[in-house]
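Read in order, the letters of the sequence shown correspond to residues 5 to 472 in our numbering.
C-beta atoms are modelled at their ideal positions from N, C-alpha and C, and glycine is treated no differently.
One structure below.
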Amino acid sequence: MHCSIEFFGAAGNVTGSCFLIKADERKILVDCGLYQERELQKRNWDKFPVQPESIDAVLLTHAHLDHCGRLPKLVKEGYSGPIYTTHATGEIAGIVMLDSAHIQEEDLKYKQKRHRRENRTSPYPYEPLYDSEDCEETIKLLSTVDYLEEVDLGPGIRATFHDAGHIFGSSMIKLELDLNGTSRSILFSGDVGRDNLPILRDPTRFKQADYILVESTYGDRLHEPPRSIPDDLEEVVRNTVERGGNIIIPSFAIERTQEVLYHLNTLFTANRIPDLPVFVDSPMAIRVTEVFSNHPELFDKEMSERISNGQNPCDFDGLTMSRTVAESKAIANVPGTAIIIAGSGMCNGGRVKHHLKANISDPKNTILFVGYQAVGTLGRHIVTGSEKVRIHGEEYAVRADIVQITGFSAHADKDELTDWLSSIENKPRKVFVVHGENKPATKFSQHLDQHFGWDVEVPAYEEVFDID
Ligand code: ZN
5 MHCSIEFFGA AGNVTGSCFL IKADERKILV DCGLYQEREL QKRNWDKFPV QPESIDAVLL
65 THAHLDHCGR LPKLVKEGYS GPIYTTHATG EIAGIVMLDS AHIQEEDLKY KQKRHRRENR
125 TSPYPYEPLY DSEDCEETIK LLSTVDYLEE VDLGPGIRAT FHDAGHIFGS SMIKLELDLN
185 GTSRSILFSG DVGRDNLPIL RDPTRFKQAD YILVESTYGD RLHEPPRSIP DDLEEVVRNT
245 VERGGNIIIP SFAIERTQEV LYHLNTLFTA NRIPDLPVFV DSPMAIRVTE VFSNHPELFD
305 KEMSERISNG QNPCDFDGLT MSRTVAESKA IANVPGTAII IAGSGMCNGG RVKHHLKANI
365 SDPKNTILFV GYQAVGTLGR HIVTGSEKVR IHGEEYAVRA DIVQITGFSA HADKDELTDW
425 LSSIENKPRK VFVVHGENKP ATKFSQHLDQ HFGWDVEVPA YEEVFDID
């Protein structure tokens with residue numbers, strides 16, 4: 005059997021994860037993510053470098069958009085085989101892809117209007133990459149499996165999914181190939197999580213792999229020394245309650261929202277903060293939280309213990325899931341301090357904008373950031389101290405208390421990645437450093453070479469390597 009790997013995304017950059025394994029005539033794609041860096045977004049419109057209908061199987065590590073966001077395009081352009089992933093990832097990926105289609109359709113309407121007004125044209129076609137029907141077709145192809153269940157991908161090719169501890173349902177994938185009497189394994193790290201994250205189990209450690217693809221998002225950085233998130237959160241809540249204001253928490257729908265609920269539940273249970281109403285005002289976060297509740301078998305020990313003690317962080321007294329627009333609007337009439345968790349996480353869309361409009365100009369309120377705010381987003385403007393911001397075309401003075409809790413991250417840093425790799429007992433034939441900007445990827449590859457003496461590559465876009 006002749007085998008090769010081709011790098012079609014997350015090669016020298018972070019997003020657009022997509023790797024093709026060719027084993028004789030069989031083609032297996034691992035992830036099919038959306039490009040999110042502005043300068044690379046046009047690649048989303050390119051033809052796939054391989055005929056979609058010629059691919060035999062797709063394996064999906066997790067439900068983040070930069071890993072699953074081009075699957076509906078793959079299906080729209082002819083892929084009709086199975087998409088293997090874990091049950092929870094399948095459910096969350098469905099939500100994520102449909103949301104992506106919806107956002108594209110909305111953005112397009114807005115962009116078309118603006119371009120017409122400004123007499124401009126777009127370098128991209130005025131159509132979404134895919135629509136919700138393409139997403140529904142993609143969801144039909146999901147073939148979900150348990151962790152550690154062996155997936156047969158054809159003669160001499162097997163895959164298993166292992167908990168990555170990154171987001172709910174996330175996986176590392178080990179592909180095993182019989183190469184002319186020799187067995188070879190390829191380990192795809194997916195996104196590597198961190199030990200001791202709430203709700204999630206710790207990332208799986210492996211003793212053996214012949215080839216490893218390892219992510220390097222934080223390959224040249226260390227997270228800030230661990231501070232106590234509950235302590236920080238307690239302080240923010242107490243201060244805001246004293247002023248009689250609201251707490252607005254812009255949050256990502258997947259994992260971060262549930263993590264915040266977990267910490268709030270800790271504080272309520274220990275009577276460290278007074279009983280307050282908490283609202284999750286994001287239809288997407290509500291749906292994702294339901295997936296968590298559907299899969300208690302994935303919880304770590306602490307979360308399982310809480311549930312058996314009757315304290316469910318995803319369902320406690322005082323917690324309201326605001327599904328409808330009317331329910332969302334009604335939050336404004338709640339007397340006293342309310343904690344409002346709403347999307348989008350960087351404030352560039354979603355219901356959080358309405359809560360910011362209502363709360364940002366009053367110094368008794370707090371805007372609490374719990375996630376990364378990319379350059380150019382409304383969240384970034386607020387968190388970096390802008391005195392005025394534009395929301396829905398109107399200007400608002402920023403007078404609320406702006407707080408950022410920095411201890412949250414779902415990605416392993418340089419030391420944590422090194423620790424994760426240190427369980428490998430053999431010398432891999434090659435290690436590919438992917439899913440990082442050029443600088444962190446290159447620095448991390450040098451570090452791995454020095455630390456382990458391994459043969460390390462930072463593959464370039466469309467580069468091909470033999471697996472032998
Ligand atoms: Zn991820």
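Which word fits residue i, buried or exposed, when buried means at least 16 other C-beta atoms lie within 10 angstroms of its C-beta?
i              : result
glutamate 391  : exposed
threonine 125  : exposed
serine 427     : exposed
histidine 166  : buried
histidine 170  : buried
asparagine 442 : exposed
tryptophan 424 : buried
aspartate 285  : buried
aspartate 279  : exposed
aspartate 71   : A quick correction: the sequence has histidine, not aspartate, at residue 71. Flag for histidine 71 reads buried.
threonine 186  : exposed
glycine 354    : buried
arginine 242   : exposed
arginine 260   : buried
threonine 328  : exposed
glycine 98     : buried
proline 129    : exposed
tyrosine 114   : exposed
Give the DSSP bridge partners of residue i, in chain order.
i                 : result
aspartate 182     : Ser187
cysteine 139      : According to DSSP, cysteine 139 bridges with nothing at all.
serine 147        : Tyr88
methionine 350    : DSSP lists no partner for methionine 350.
arginine 433      : Paired residue(s): none; arginine 433 is not in a bridge.
arginine 30       : Ala27
arginine 162      : Asp156, Glu180
alanine 401       : Lys392
tyrosine 215      : Ile190, Lys434
threonine 370     : Ile251, Asp405
leucine 102       : In DSSP, leucine 102 forms no bridge with anything.
serine 175        : Asp167
methionine 325    : Val284
cysteine 36       : Its beta-bridge partners do not exist; DSSP assigns none.
alanine 342       : Paired residues: none, contrary to the question.
leucine 63        : Val34, Tyr88
phenylalanine 469 : Ile9
Would residue i pass as a contact of residue j if the rule is Cβ separation under 7 Å?
i                 : j                 : result
isoleucine 203    : glutamate 238     : no
leucine 63        : tyrosine 39       : no
threonine 142     : leucine 69        : no
histidine 385     : valine 379        : no
isoleucine 343    : histidine 359     : no
valine 374        : phenylalanine 412 : yes
threonine 370     : valine 338        : no
leucine 382       : isoleucine 253    : no
alanine 15        : valine 438        : yes
lysine 139        : leucine 78        : A small correction: the amino acid at residue 139 is cysteine; lysine does not occupy that position in the sequence shown. The answer is no: Cβ separation not under 7 Å.
serine 25         : alanine 61        : According to the sequence provided, residue 25 is isoleucine. The question's serine does not apply to it. No.
leucine 265       : alanine 92        : no
aspartate 2       : arginine 205      : Lying before the first or after the last residue shown, residue 2 is absent from the chain, which here runs from 5 to 472.
valine 3          : alanine 416       : Residue 3 falls outside the range modelled here, since the chain spans only 5 to 472, and no answer is possible.
alanine 27        : leucine 181       : yes
phenylalanine 256 : glycine 349       : yes
valine 460        : aspartate 470     : no
threonine 341     : threonine 244     : yes
arginine 433      : tyrosine 215      : yes
methionine 288    : aspartate 103     : yes
alanine 445       : valine 468        : no
glycine 82        : proline 56        : yes
threonine 19      : glutamate 43      : no
How close, in whole Å, do the beta carbons of residue i and residue j come, if the pair is a contact with beta carbons under 8 Å?
i                 : j                 : result
proline 317       : arginine 310      : 7 Å
serine 232        : alanine 213       : Actually they do not touch by this definition, with Cβ atoms about 35 Å apart.
isoleucine 395    : lysine 333        : So it is not a contact: roughly 16 Å between Cβ atoms.
phenylalanine 320 : asparagine 269    : 6 Å
alanine 330       : aspartate 366     : Going by Cβ atoms, the distance from alanine 330 to aspartate 366 rounds to 24 Å, so no, they are not a contact pair.
proline 281       : glycine 322       : 5 Å
serine 58         : leucine 145       : That belief does not hold up - the Cβ atoms of serine 58 and leucine 145 are roughly 16 Å apart, past 8 Å.
isoleucine 96     : phenylalanine 172 : 7 Å
phenylalanine 283 : glutamine 262     : Incorrect: roughly 15 Å between the Cβ atoms, too far for contact.
serine 147        : proline 86        : 4 Å
glutamate 420     : phenylalanine 12  : No, glutamate 420 and phenylalanine 12 are not in contact; Cβ-Cβ is about 27 Å, not under 8 Å.
Determine, using beta carbons only, whether residue i comes closer than 7 Å to chain C.
i          : result
glycine 98 : Reference to chain C is not applicable here, since this structure consists of a single protein chain.
Handout entry: Meets three-Cβ-pair contact criterion under 8 Å: the stretch 120-137 and the stretch 5-19
Key = no
Problem - Stretch-stretch touch, CB-based, cutoff 8 Å, three pairs: the stretch 103-122 with the stretch 154-164 - result: no
Practice task
Please determine if the stretch 244-262 and the stretch 207-227 are in contact, where contact requires at least 3 C-beta pairs separated by less than 8 Å.
Solution key: no
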